[in-house]
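S.K.: Sharing a structure here in structure tokens format.
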Amino acid sequence: MKELNVVDNKETTKRRPDWLRVKLPSGKKFKEVSKTIQKHSLNTVCSEARCPNMGECWGRGTATFMILGDVCTRSCSFCAVKTGRPVQGLDWDEPRRVTDAAVKMGLKHVVLTSVNRDERKDGGAPIFAETHKQLREAIDGVTIESLIPDFRGDWEALQIVIDTPPDVLSHNLETVPELYRTIRPQATYERSLELLQRVKDQGIKSKTGIMVGFGEKREQVIELMQDCVDHDVDVLTIGQYMQPTKMHQPVEEWVHPDQFAEYKEIGEELGIGHVESGPLVRSSYHAEEHV
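Residue numbers (the numbering used here): 869 to 1159.
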């Protein structure tokens, strides 16, 4: 398939193409989910990261709970979540509130993610473990996906999560290694790959995700997919980066849907079990299908 590029100049990148237009969130189920989350004083990555699929997912009664507070200790240039140093320790009531909300929403598949808590040696891993435990005690047959930080390479912290395992353990590479200094300066590509391998080595389904449109080359994306194969990654998600505010990394390219289709085809031909690839795809998009 011929490589596609719909960007001719900087003016083009300012205009969001038609295939990225989404409906405004609405409907009874959306309002019910919103009310439940507010009542339980919870955060979701859907709203904090300004996900374009919030209306669709909340309208189906699903949401991705963001634990460990709403302040991240890192400053990735693509992310809309607040950055700084959290003023409080771990919120040990948070697992109960997440579980209670999941029960009230009638969830059978729960997706968790978190901010980075680099001020702690354990990175907040015990809250992941306790949330897994309480969810399994409260919801018969529940399946869980947890999208975790890299814990700064502290594998003891990772083991805390693995010892009370989710069904899918996810950690996002976010972008190709050549762009880490700009996009993800407090992380390392090799460390993230090692984390994914450690997850798989302990028999848990592994998953990662990237965004495109930062200016990466097609060949770099294919090389990243080969790295995923080499580290036994089961699921890869690929979506379009969309600049959340003018203070964040600008969009360099609106990647055409045909290119996303080609990435899916190439990734699965290389040996990745499932590639979810499309302009509006995010790491937790249709997550229940990845179990």
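Note that CB positions come from ideal geometry on N, CA and C, so glycine has one too.
#1: Check each candidate in Glu962, Ser982, Pro1045 and name the one with the smallest Cα separation from Ser1151.
#2: Evaluate the contact criterion for the region 1079-1091 versus the region 1044-1055: three or more CB pairs, one atom per stretch, below 8 Å.
#3: Just the C-alpha distance for Ile1072 and His1116, rounded to the nearest angstrom, thanks.
#4: To the nearest angstrom, how far is it from the Cα of Gln1054 to the Cα of Ala969?
#5: Could you pull out every residue in the same chain whose Cβ sits closer than 7 Å to the Cβ of Thr1076, ignoring the five residues on either side in sequence?
#6: Out of curiosity, what's the CA-to-CA distance linking Ile1078 and Pro994?
#7: Compare the C-alpha of Lys989 against each of Ile1016, Ile1012, Val978, Glu1024 and name the closest.
#8: Would the beta-carbon of Val1067 fall within 9 Å of that of Ile1030?
#9: Compute the Euclidean distance between the alpha carbons of Ser1129 and Gly1146, then round it to the nearest angstrom.
#10: Leu1003 and Val955 - do their beta-carbons sit closer together than 9 Å?
#11: On the criterion of 16 or more Cβ atoms from any shown chain inside 10 Å, does Thr1113 qualify as buried, or is it exposed?
#12: Just curious, the alpha helix (DSSP H) that Ser1107 is in, first and last residue?
#13: Mind checking Ala1006: buried by the 16 CB within 10 Å criterion, or exposed?
#14: Which stretch, first to last residue, makes up the beta strand (DSSP E) that contains His1116?
#15: Would you kindly report the start and end of the unbroken beta strand (DSSP E) that includes Glu1013?
#16: Arg942 and Asp986 look like a contact to me (Cβ under 8 Å); what is the Cβ gap, rounded to whole Å?
#17: Kindly indicate which residue of Tyr1109, Lys1132, Tyr1131 has the alpha-carbon position closest to the one of Glu1121.
#18: Taking C-beta to C-beta, are Thr999 and Leu980 nearer than 9 Å?
#19: What are the start and end residues of the beta strand (DSSP E) that includes Lys1075?
#20: Around the C-beta of Gly1135, are 16 or more other C-beta atoms found within 10 angstroms, so that it is buried, or is it exposed?
M.R.: Quick look at the numbers:
#1: The count along the sequence shown starts at 1 and reaches residue 1151 at position 283. Ser1151 has its Cα closest to that of Ser982, out of Glu962, Ser982, Pro1045.
#2: yes
#3: For the purposes of this step, residue 1072 is identified with residue 204 of the sequence shown, where counting begins at 1. For the purposes of this step, residue 1116 is identified with residue 248 of the sequence shown, where counting begins at 1. Roughly 34 Å separates the two Cα atoms.
#4: Translated into the one-based positions of the sequence shown, residue 1054 becomes position 186. Translated into the one-based positions of the sequence shown, residue 969 becomes position 101. Using only the alpha carbons, I get a separation of about 33 Å.
#5: Locating residue 1076 in the sequence shown gives position 208, counting from the first residue. Here the set comprises Ser1038, His1039, Asn1040, Leu1041, Leu1064, Cys1096, Val1101, Leu1104.
#6: By one-based count along the sequence shown, residue 1078 stands at place 210. By one-based count along the sequence shown, residue 994 stands at place 126. In a straight line, the C-alpha of Ile1078 is about 26 Å away from that of Pro994.
#7: Here residue 989 is taken as the residue at index 121 of the sequence shown, counted from 1. Checked all of Ile1016, Ile1012, Val978, Glu1024; the closest Cα to Lys989 is Glu1024.
#8: The sequence position of residue 1067 within the sequence shown is 199, counting from 1. The sequence position of residue 1030 within the sequence shown is 162, counting from 1. Yes, they are a contact pair.
#9: Working through the sequence shown from its first residue, we reach residue 1129 at position 261. Working through the sequence shown from its first residue, we reach residue 1146 at position 278. Looking at the sequence itself, residue 1129 is Ala, so the reference to Ser does not match. Answer to the nearest angstrom: the Cα atoms are 7 Å apart.
#10: For the purposes of this step, residue 955 is taken as the residue at position 87 of the sequence shown. For the purposes of this step, residue 1003 is taken as the residue at position 135 of the sequence shown. Contact: no.
#11: Translated into positions along the sequence shown, residue 1113 becomes position 245. Looking at its Cβ environment, which holds fewer than 16 other Cβ atoms inside 10 Å, Thr1113 is exposed.
#12: On the sequence shown, position 239 is the one that residue 1107 refers to. Inspection of the sequence shows that residue 1107 is occupied by Gly rather than by Ser. Premise fails: Gly1107 lies in the beta strand (DSSP E), 1103-1108, not in any alpha helix (DSSP H).
#13: Looking up residue 1006 in the sequence shown gives position 138. Ala1006 comes out exposed.
#14: Here residue 1116 refers to the residue found at position 248 of the sequence shown. It is not in any beta strand (DSSP E) - His1116 carries neither H nor E in the DSSP assignment.
#15: The residue given as residue 1013 occupies position 145 in the sequence shown. Unbroken beta strand (DSSP E) run through Glu1013: 1011-1015.
#16: On the sequence shown, position 74 is the one that residue 942 refers to. On the sequence shown, position 118 is the one that residue 986 refers to. Sure, about 7 Å apart at Cβ, within 8 Å.
#17: Against the sequence shown, residue 1121 aligns to sequence position 253. When Tyr1109, Lys1132, Tyr1131 are compared, the shortest CA-CA separation from Glu1121 is found for Tyr1109.
#18: Sequence index remark: in the sequence shown, residue 999 carries index 131 (1-based). Sequence index remark: in the sequence shown, residue 980 carries index 112 (1-based). Going by C-beta atoms, Thr999 is nearer than 9 Å to Leu980.
#19: Position 207 of the sequence shown, counted from the start, is the residue given in the question as residue 1075. Taken as a continuous stretch (DSSP letters only), the beta strand (DSSP E) holding Lys1075 covers 1073-1080.
#20: Indexing the sequence shown from 1 puts residue 1135 at position 267. Looking at its Cβ environment, which holds 16 or more other Cβ atoms inside 10 Å, Gly1135 is buried.
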